[in-house]
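For reference, the structure discussed in these notes is given below.
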Amino acid sequence: MLLLPQALVDGLLIGGIYITIAIGFSLAYGVMHIIDFAVGEWIMLGAFLGLYLSQWTQVEPLLLLPVVFVVFAVLGYLFQPVIHRVLSGKKGNPLLMALVFTFGLAIAFKGLGLTVFGFFSRSIPSAMAADSFTFVRGDFFVTIPVIRLIGLAYAIAVTLALSWILKRTDFGLAVQALAQNKEAAGLMGISAKRTNSWVYGIYVGISAMSGVLIGCMFSISAQMGGKYTVFSFFVVVLAGMGFLAGVPWAAFLLGMVQSFFLIYFDPGYTLLAVFIILYAVLLISPKGLFGKGV
Amino acid sequence: MKSAFAIMSWMLVALFLVLPQTAAAQRDYYKVGVITSLSGDLATGGNVTKRGYDLWAQTVNAAGGIEIDGRKYKVELVYGDAQSKPDQGASAAERLATQEKVDFVLGPYSSGVTLAAAPVLEKYKIPMITGSAESPMIWLQKFYYTFGTIPPVNYTGASPVETLAALDPPPKSAMILGSNDTFSKATAEAFQEAAKQAGIEIKKFNIVPAGQDLMSFMSVAKALKPDLVAFGGHDEELINLVKALLQINYTPKALLMHYGVTEPAFVEALAKNAEQVYGASVWTETVHAKGDYLWADAAAYAKDAEAAFKVPADYTQAGSTAAGIAFMAALGQIKAAPPLDEAEREALVKALEKLDIQTFYGRLKFAEEGQFYHANIGLSPLTVQIQGGKPVIVGPPSEAQSTPQYPMTPWEKR
Chain F
1 MLLLPQALVD GLLIGGIYIT IAIGFSLAYG VMHIIDFAVG EWIMLGAFLG LYLSQWTQVE
61 PLLLLPVVFV VFAVLGYLFQ PVIHRVLSGK KGNPLLMALV FTFGLAIAFK GLGLTVFGFF
121 SRSIPSAMAA DSFTFVRGDF FVTIPVIRLI GLAYAIAVTL ALSWILKRTD FGLAVQALAQ
181 NKEAAGLMGI SAKRTNSWVY GIYVGISAMS GVLIGCMFSI SAQMGGKYTV FSFFVVVLAG
241 MGFLAGVPWA AFLLGMVQSF FLIYFDPGYT LLAVFIILYA VLLISPKGLF GKGV
Chain G
295 MKSAFAIMSW MLVALFLVLP QTAAAQRDYY KVGVITSLSG DLATGGNVTK RGYDLWAQTV
355 NAAGGIEIDG RKYKVELVYG DAQSKPDQGA SAAERLATQE KVDFVLGPYS SGVTLAAAPV
415 LEKYKIPMIT GSAESPMIWL QKFYYTFGTI PPVNYTGASP VETLAALDPP PKSAMILGSN
475 DTFSKATAEA FQEAAKQAGI EIKKFNIVPA GQDLMSFMSV AKALKPDLVA FGGHDEELIN
535 LVKALLQINY TPKALLMHYG VTEPAFVEAL AKNAEQVYGA SVWTETVHAK GDYLWADAAA
595 YAKDAEAAFK VPADYTQAGS TAAGIAFMAA LGQIKAAPPL DEAEREALVK ALEKLDIQTF
655 YGRLKFAEEG QFYHANIGLS PLTVQIQGGK PVIVGPPSEA QSTPQYPMTP WEKR
């Protein structure tokens, strides 16, 4: 019981990390209908850019987030036409081909990472990583690590920013139109190719920024991508594929499950519990928690 | 015409089947299979073992090769990537045995992969020495063809707990956890057993999923306030545990891990926060070991390793190089030139069982019976602590090069 406040706070903070890794992934799926298995590798590449940039410039890595975003957004924008080419093929099953393509991309990026960054685990040194706030009342205490709080704030900020862009800007309306009906959007003068490039750029940029944050909280390595791909997939499926507004709630739910299992039950069964909840939700509501997925 | 074509085809097939055997029969070098994880979650350790094996092969070949009856035979390493997965390790063993027809094998990084590869090599009767697999389960299987240069964790794990228990005042309580893989679980169990023996109260013992975010679990540590937090895990997980303790702002009096703290990456990733973390090892570059093969002592090996790879050598790399030396010494004793046939491979196993040599890594002596069957029991378990950015031996007293720093300096005062 002493740890109840801490379990609740930890659940929120873990949920914040899940939002950061899944929100871009959900956006890309919602618009392009592509399951990008390389999401974890974009996170890994972003983390390493953050590491090298902070070492080179001696600047706090969190201040470099905008730089990492711009670099990877441009990369994603330039790279998207390749995926578009696979997706718009006339022969075979383009969706399946895109799936295989991103899977191959993930393996290629991982190999590239191993060659360029080496195989050792690294850590992004942030001045914020060791600070925390502790609140004590009697036997109860709550410790809030500053870096995790920043992660949660970042997750909420990105969610709100994406929500604003989608609802309040012409670009956002074009994105929504494309997500709903590609042909009709085209007839209204929306360029699917260019809009998708921007969406993919934004998604890659967000994922790369998340990588820097993750690197401040955990270790990073060229092999780190796989587990983040799995977790972002879990969150997005639970939220409802492509339903952006569901991502924070799904992420917080998974965060709470994980936190409570680690603290109150057997930690060995944490991932099993996460998977059982995912399975149960999909059994009752195959389109995610809110029934609004694709 | 059709039958002539068929005959030609069959002749070609027969030729292809015969050719490799002919090549093998004429081979004047040792073909050495290496199974290790060059990719996947365990790529760090896998590549460190590769460095150890490569350095052995380069040094042997630079000296002309392994001497048998006055003639020197070079060694050629053939790699099989286990991809950090036991099933891939078994496939690699199958390929090295049946297609590459290797003479002997330098074994995998990690116990899980070793446990999968060993039965395959038993089937093909190919000797293997693993340079880095430490689960006691491997040796309880009593694989006839499998040996290991690094002692199992239940042989070494007690050492740091005993060193801590001998402090004044000693830690009174502990929280012990291990990651859910063969080696890490065994490490946590070894810590648990040693703590019980030392009279340290165990407040919590858990096995956690590999790669788990441990911040919430460290909240439990903060509430229970154990003097000692002991963790069995691999390099990435060790770094994450220290970061979780930092974030939750709890500094135990002692933080104990195992071999992983001696990997240079641990100190590089954590810098000042790696200081005062305890570990167990059997080798550091400062250990007093005099060698009769290739390197005169630990320092000479460390110097060559640093020159070759530009990073300090750790126990994994040294243990892997020592695996090559063990084969070299045993081959010299049985005087078997390449390629080795089944009888010679059997003789090689017998020679390995009787081997008792001094190397830069320390004494190599494989157990011939009991729970450590075919594991190296020639070494003394050491307690190390990161001091001044390097692993320093702090126990047992007979080997100590510095005194243990206890309790740990709180994170915020570093």
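These protein sequence lines are chains F and G, in that order.
Per this note's numbering: the first sequence = residues 1 to 294.
Per this note's numbering: the second sequence = residues 295 to 708.
Beta carbons: idealized from backbone N, C-alpha and C, even for Gly.
Note that the structure is a prediction, hence the values are computed from the model and not measured.
Residue i, DSSP secondary structure in three states
| i | result |
| --- | --- |
| G/E640 | helix |
| F/G92 | coil |
| G/Q627 | helix |
| F/L53 | helix |
| G/V571 | coil |
| G/E495 | strand |
| F/S197 | helix |
| G/L313 | Here the model assigns G/L313 a pLDDT of 48, short of 50, so the residue's position is not dependable, and the following value carries that caveat. The answer is helix: DSSP assigns G/L313 an H, G or I state. |
| G/A590 | coil |
| F/A127 | coil |
| F/Q258 | helix |
| G/V605 | coil |
| G/Y418 | helix |
| G/A318 | Here G/A318 scores only 49 on pLDDT, less than 50, and its place in the model should not be relied on; the value that follows carries that caveat. In the structure shown, G/A318 sits in a helix (DSSP, three-state: H, G or I). |
| G/M622 | helix |
Residue environment, residue i, which counts as buried when at least 16 other CB atoms sit within 10 Å
| i | result |
| --- | --- |
| F/I263 | buried |
| G/Y324 | buried |
| F/F72 | buried |
| G/Q570 | buried |
| F/L271 | buried |
| G/E394 | buried |
| F/T134 | exposed |
Nearest to residue i (by Cα), restricted to the options the options
| i | options | result |
| --- | --- | --- |
| F/D266 | G/P503, G/K597 and G/S614 | G/P503 |
| F/W198 | F/V116, F/L187 and F/A174 | F/A174 |
| F/G104 | F/V236, F/S121 and F/V86 | F/V86 |
| G/G682 | G/E562, G/T653 and G/A357 | G/E562 |
| G/L624 | G/L535, G/A594 and G/Y587 | It is Ala, not Leu, that sits at residue 624 of chain G in the sequence shown. If we check each option's Cα against that of G/A624, G/Y587 comes out closest. |
| G/P704 | G/S429, G/A601, G/Y544 and G/I651 | G/Y544 |
| G/D322 | G/Q352, G/D397 and G/Y373 | G/D397 |
| G/Y418 | G/G656, G/G425, G/T443 and G/R389 | G/R389 |
| F/A153 | F/T102, F/S210 and F/A192 | F/S210 |
| G/D335 | G/D475, G/D635, G/D608 and G/E693 | G/D475 |
| G/M431 | G/S478, G/K566, G/K366 and G/G585 | G/S478 |
| G/I362 | G/E636, G/Y700, G/F621 and G/P691 | G/F621 |
| G/V342 | G/A351, G/K498 and G/S331 | G/S331 |
| G/V352 | G/A694, G/G618 and G/E640 | In the sequence as presented, Val is not what sits at residue 352 of chain G; that position holds Gln. Comparing Cα-Cα distances from G/Q352 to each of G/A694, G/G618 and G/E640, the minimum goes to G/G618. |
| F/I296 | F/S221, F/F233, F/L65 and F/L253 | Nothing can be reported for residue 296 of chain F: it is not among the residues displayed for chain F, which extend from 1 to 294. |
| G/S696 | G/T457, G/A412 and G/A637 | G/T457 |
Beta carbon proximity, residue i to chain G, threshold 8 Å
| i | result |
| --- | --- |
| F/G215 | no |
| F/R122 | yes |
| F/A174 | no |
| F/R148 | yes |
| F/Q55 | no |
| F/I83 | no |
| F/Q223 | yes |
| F/R51 | Just to set this straight, residue 51 of chain F is Leu in the shown sequence, not Arg. False, the Cβ-Cβ gap to chain G never drops below 8 Å. |
| F/Q80 | no |
| F/D170 | no |
| F/A295 | The displayed coordinates of chain F run from 1 to 294. Any statement about residue 295 of chain F would go beyond what the structure contains. |
| F/T134 | yes |
Closer than 8 Å to chain F by CB, residue i
| i | result |
| --- | --- |
| G/T338 | yes |
| G/I680 | no |
| G/V514 | yes |
| G/P503 | yes |
| G/M509 | yes |
| G/S467 | no |
heavy atom of the ligand GDP below 7 Å from residue i C-beta
| i | result |
| --- | --- |
| G/I687 | The ligand GDP is not part of the structure shown, which contains no ligands of any sort. |
Is it a yes or a no for the stretch 669-687 of chain G touching the stretch 571-581 of chain G, going by three-plus beta-carbon pairs under 8 Å?
Yes: the two stretches touch, three or more of their Cβ pairs being nearer than 8 Å.
Counting pairs of Cβ atoms below 8 Å between the stretch 1-16 of chain F and the stretch 129-141 of chain F, do you hit three or more?
yes
Between the stretch 546-554 of chain G and the stretch 615-630 of chain G, do at least 3 Cβ pairs fall closer than 8 Å?
no
With contact counted as at least three CB pairs below 8 Å, one residue from each stretch, are the stretch 24-43 of chain F and the stretch 198-212 of chain F in contact?
yes
Report yes or no: do the stretch 399-411 of chain G and the stretch 433-449 of chain G share at least 3 C-beta pairs separated by less than 8 Å?
The stretch 399-411 of chain G vs the stretch 433-449 of chain G: in contact.
Taking 8 Å as the threshold, find out whether the stretch 148-168 of chain F comes into contact with the stretch 371-388 of chain G through three or more Cβ pairs.
Counting Cβ pairs under 8 Å, fewer than three are found: no touch.
The stretch 635-655 of chain G touching the stretch 581-600 of chain G, judged by at least three CB pairs closer than 8 Å:
yes
If you pair each beta-carbon of the stretch 494-508 of chain G with each one of the stretch 459-474 of chain G, do three or more pairs fall below 8 Å?
At 8 Å Cβ cutoff, the stretches touch.
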